[in-house]
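**Q**
Number of protein chains: 2
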Amino acid sequence: MNLEEYFKEITDNVNETIKSYVKGDTKDLYDASMYLLNAGGKRLRPLILVSSSDLLGGDRERSYKAAAAVEVLHNFTLIHDDIMDEDNLRRGIPTVHVVWGIPLAILAGDLLHAKAFEILNDSLKGLDSQRYYWAISIFTKSIIIISEGQAMDMDFEKRSNVSEEEYIEMIKKKTAQLFSCASSLGGIIAGANENTVNKLSSYGLNLGISFQIIDDILGLTADEKELGKPIYSDIREGKKTILVIKALEKATANERDVIIKGLGSKNQEDVKKAAEVIKYLALEYAYSLAEKYLDNALNDISSIESKNEIAGKALKYLGEFTVKRRK
Amino acid sequence: MNLEEYFKEITDNVNETIKSYVKGDTKDLYDASMYLLNAGGKRLRPLILVSSSDLLGGDRERSYKAAAAVEVLHNFTLIHDDIMDEDNLRRGIPTVHVVWGIPLAILAGDLLHAKAFEILNDSLKGLDSQRYYWAISIFTKSIIIISEGQAMDMDFEKRSNVSEEEYIEMIKKKTAQLFSCASSLGGIIAGANENTVNKLSSYGLNLGISFQIIDDILGLTADEKELGKPIYSDIREGKKTILVIKALEKATANERDVIIKGLGSKNQEDVKKAAEVIKYLALEYAYSLAEKYLDNALNDISSIESKNEIAGKALKYLGEFTVKRRK
């Protein structure tokens with residue numbers, strides 16, 4: 009079995025699991041809830057979770073369910089984030105609140121949030137009580153941390169003096185925590201000890217930081233059609249990405265004016281000019297930072313004794329893919 | 009100890025538990041999350057949960073936490089419902105999204121949703137794996153059912169032909185399920201068997217139905233200041249309460265016109281006229297229906313062998329209070 013087949017088997021099973029749980033009689037609500045899940049997505053977090061579990065010889069019935077729980081949770085946060093950020097396009101289609109209205113989009117997110125726990129609970133059924141507590145605890149704390157990260161991200165939009173340290177802290181919470189949750193859960197359901205789960209957790213965190221830095225880069229450099237959402241939206245929303253922070257740090261007075269004028273602007277020409285200056289000043293640095301965190305992630309994986317060769321390869325590939333992807 | 013002291017001890021401990029969990033560094037987010045919890049509320053669900061646990065000799069450390077989880081969950085649904093229903097006043101103060109804006113209100117609800125699981129998980133720590141699964145399962149399914157109920161409620165606003173049966177189905181989901189969750193959890197953490205938990209579940213469901221019918225009545229009859237929210241808002245929002253359904257069923261052609269004109273209207277005079285006709289036609293019936301479900305709830309409690317006299321009294325009192333309350 010090659011990596012492509014390995015990933016396809018996981019993705020197909022996780023998608024089936026999601027479909028078997030997210031269905032019900034209140035049609036509009038369930039249609040709105042499945043809409044984004046049906047629109048694609050890379051299923052990176054499920055792949056990380058199942059590979060992490062495989063690496064330690066975990067049971068696939070458990071890992072498919074835990075992976076579905078994490079993916080459903082992820083999609084809940086996307087639906088609510090798109091309302092909060094007033095984003096109208098994702099995965100190449102209008103966002104949930106654009107199609108279904110804000111009230112039903114809020115409710116669909118809430119339903120998926122609860123469904124994630126329902127699926128996770130079924131994944132954990134029969135585990136010993138201590139491991140049960142551990143898994144629910146990590147999952148729950150992750151959602152709390154993600155919410156705090158989203159609050160920081162929104163707060164940063166209003167501030168002009170965000171430091172690189174604050175940015176890393178924010179993306180650790182908003183993005184990387186769920187990657188860390190996925191890899192940790194894979195270990196916990198596979199019966200790993202605390203030391204191994206900590207290594208997996210660190211792998212997920214490092215990979216997640218790298219993922220978000222690349223996401224910020226792609227928001228300025230990607231092909232809009234490939235990306236599935238409008239380019240430069242971070243600049244229009246005044247987001248303090250690592251590129252903006254680094255560019256402001258290195259900018260001359262003139263360059264600084266161009267960047268500030270574009271941040272949060274509705275004028276497409278100002279936004280574009282700011283983007284060009286930001287890329288010129290910060291793109292190289294952002295890539296090198298993403299590479300640094302990727303190296304950390306790869307070291308974490310190398311430090312774990314593997315019971316499954318292809319799972320180890322998969323976890324390394326997923327790290328490298330994160331940095332090399334175009335969307 | 010009298011009932012007043014019994015209830016105060018529970019409420020104080022549950023409030024302390026909530027405060028000890030819902031706090032953190034992202035100040036705005038936690039302020040927005042605690043805002044409604046700090047604004048009062050009857051803490052009916054926590055009282056039901058702890059009394060149900062006491063009735064069977066359950067441990068107070070567990071029941072305080074489980075009760076805090078249910079109350080935090082309840083407040084999450086209130087925050088999101090107020091956004092969806094565009095309600096601007098609750099517990100006598102502006103709603104969360106009015107004070108903090110819709111994005112932070114969505115996020116505060118999400119945080120409380122996750123916090124509820126965090127607190128519940130701590131409440132269950134050390135229970136055997138099977139009971140763990142049972143408790144998480146009931147809690148999770150309740151949130152799913154509540155979301156479906158809210159979707160039905162919003163759907164009914166657009167429909168004119170809602171039946172009494174559909175209304176009862178909707179309030180079972182939207183309101184009564186969380187009462188049933190509270191009483192069931194009280195039993196589960198106290199070590200009750202399935203038969204006893206089913207009786208407690210039925211008590212909560214019957215009491216919850218009765219509670220919502222009285223809520224619908226108070227929305228037309230209460231003193232606005234005492235109620236803490238604007239009177240007649242159900243009529244303005246076109247909600248299909250049991251009073252509206254029964255009144256439409258009994259109305260003459262003229263009366264029907266007055267009701268239809270008021271439903272969903274922004275004209276205060278039309279709303280008031282509709283309210284008068286609805287009360288005249290349906291108030292007595294609605295009260296008798298609430299009494300019927302209260303009787304069922306009291307029968308459920310009588311059928312359980314009590315280990316604690318005051319807890320049994322408390323559960324009966326809470327049922328009677330639900331129907332007799334003025335706010």
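Just so you know, the protein sequences line up as chains A and B, in that order.
Numbering-wise, the first sequence is residues 9 to 335 according to this note's numbering.
Numbering-wise, the second sequence is residues 9 to 335 according to this note's numbering.
Each residue gets a CB set at the ideal place from its N, CA and C atoms; glycine is no exception.
(1) Comparing the C-beta of residue 147 of chain B with each C-beta of chain A, is any distance below 9 Å?
(2) Measuring CB to CB, does residue 38 of chain A end up less than 9 Å from residue 132 of chain B?
(3) Mind the definition here: the region 79 to 86 of chain A touches the region 63 to 70 of chain A only if three or more C-beta pairs lie below 8 Å; say whether that holds.
(4) With a threshold of 8 Å, are at least 3 pairs of Cβ atoms found where one atom belongs to the region 185 to 194 of chain A and the other to the region 150 to 161 of chain A?
(5) Identify the contact partners of residue 168 of chain A in chain B, using a Cβ-Cβ distance below 7 Å as the criterion.
(6) Using alpha carbons as the reference points, say which of B:16, B:268, B:108 lies closest to residue 245 of chain B.
(7) Bridge partners of residue 238 of chain A, per DSSP?
(8) Taking CB distances under 9 Å as the criterion, tell me whether residue 112 of chain B reaches chain A.
(9) Which first and last residues belong to the alpha helix (DSSP H) in which residue 154 of chain B is found?
(10) Is it the case that the region 216 to 231 of chain A contacts the region 155 to 167 of chain A, given that we only count it when at least three CB pairs across the two stretches are under 8 Å?
(11) Grab the span of the alpha helix (DSSP H) containing residue 201 of chain B for me, first residue to last.
(12) By a C-beta neighbour count over all protein chains shown, 10 Å radius and 16 as the cutoff for buried, is residue 60 of chain A buried or exposed?
(13) Specify whether the region 285 to 293 of chain A and the region 27 to 36 of chain A touch according to this definition: at least 3 beta carbon pairs, one from each stretch, less than 8 Å apart.
(14) With a cut-off of 8 Å on the beta carbons, I'd call residue 297 of chain B and residue 253 of chain B a contact; round off their distance for me.
(15) To which residues of the same chain is residue 258 of chain B closer than 8 Å at the C-beta, ignoring the five residues directly before and after it?
(16) Chain B partners of residue 144 of chain A, CB-CB under 8 Å?
(17) Since I believe residue 117 of chain B is in contact with residue 84 of chain B (beta carbons under 8 Å), could you give me their beta-carbon distance rounded to a whole number of angstroms?
(18) I believe residue 308 of chain A touches residue 207 of chain A by the beta-carbon criterion, under 8 Å. Please report the beta-carbon distance rounded to the nearest angstrom.
(19) Can you tell me the Cβ-Cβ gap for residue 57 of chain B and residue 190 of chain B, rounded? I've got them flagged as a contact below 8 Å.
(20) Which stretch, first to last residue, makes up the alpha helix (DSSP H) that contains residue 73 of chain A?
(21) For residue 93 of chain B, which residues in the same chain have their Cβ closer than 7 Å to its Cβ, ignoring the five residues on either side in sequence?
(22) Taking C-alpha atoms, which residue in B:143, B:170, B:306 lies nearest to residue 200 of chain B?
(23) Looking only at its own chain, which residues have a Cβ that is under 8 Å from the Cβ of residue 235 of chain A, when we skip the five neighbours before and after it?
(24) Under 8 Å by Cβ, that's how I've got residue 193 of chain A and residue 76 of chain A pegged, so tell me the actual separation to the nearest angstrom.
(25) Going by CA-CA distance only, name the one from B:109, B:33, B:211 that's closest to residue 305 of chain B.
(26) Can you give the Cα-Cα distance for residue 41 of chain B and residue 120 of chain B, rounded to whole angstroms?
(27) Report back the beta-carbon spacing between residue 203 of chain A and residue 301 of chain A to the nearest angstrom; my notes put them in contact at under 8 Å.
(28) Per DSSP, residue 98 of chain A forms a beta bridge with which residues?
(29) Would you check if the distance between the CB atom of residue 318 of chain A and the CB atom of residue 62 of chain A is smaller than 9 Å?
(30) Quick one: using the 10 Å Cβ neighbour count with 16 as the cut-off for buried, is residue 126 of chain B buried or exposed?
(31) Does the Cβ of residue 218 of chain B have 16 or more other Cβ atoms within 10 Å, making it buried, or fewer, making it exposed?
(32) Quick one: is residue 42 of chain A near chain B, going by C-beta distance under 9 Å?
(33) Output, in chain order, the set of chain B residues within a Cβ distance shorter than 9 Å of residue 337 of chain A.
(34) Using alpha carbons as the reference points, say which of B:18, B:106, B:155 lies closest to residue 123 of chain A.
(35) Tell me, please, whether the CB atom of residue 276 of chain B is closer than 9 Å to any CB atom in chain A?
(36) Is the beta carbon of residue 103 of chain A closer than 9 Å to that of residue 112 of chain A?
**A** Considering the structure as presented:
(1) yes
(2) no
(3) no
(4) yes
(5) Here the premise fails: no neighbours, minimum Cβ distance about 18 Å.
(6) B:268
(7) None; residue 238 of chain A has no bridge partner.
(8) yes
(9) 137 to 166
(10) no
(11) Segment: none, residue 201 of chain B is in no alpha helix (DSSP H) and carries neither H nor E.
(12) buried
(13) no
(14) In fact, because the Cβ distance is near 11 Å, the residues do not count as touching under 8 Å.
(15) 289, 290
(16) 125, 129, 144
(17) 5 Å
(18) 5 Å
(19) 4 Å
(20) 68 to 92
(21) 245
(22) B:143
(23) 226, 227, 335
(24) Incorrect: roughly 11 Å between the Cβ atoms, too far for contact.
(25) B:211
(26) 7 Å
(27) Actually they are not in contact, since the Cβ atoms of residue 203 of chain A and residue 301 of chain A sit about 21 Å apart, beyond 8 Å.
(28) A:101
(29) yes
(30) buried
(31) buried
(32) no
(33) A query on residue 337 of chain A cannot be resolved here, the shown segment of chain A reaching from 9 to 335 and no further.
(34) B:155
(35) no
(36) no
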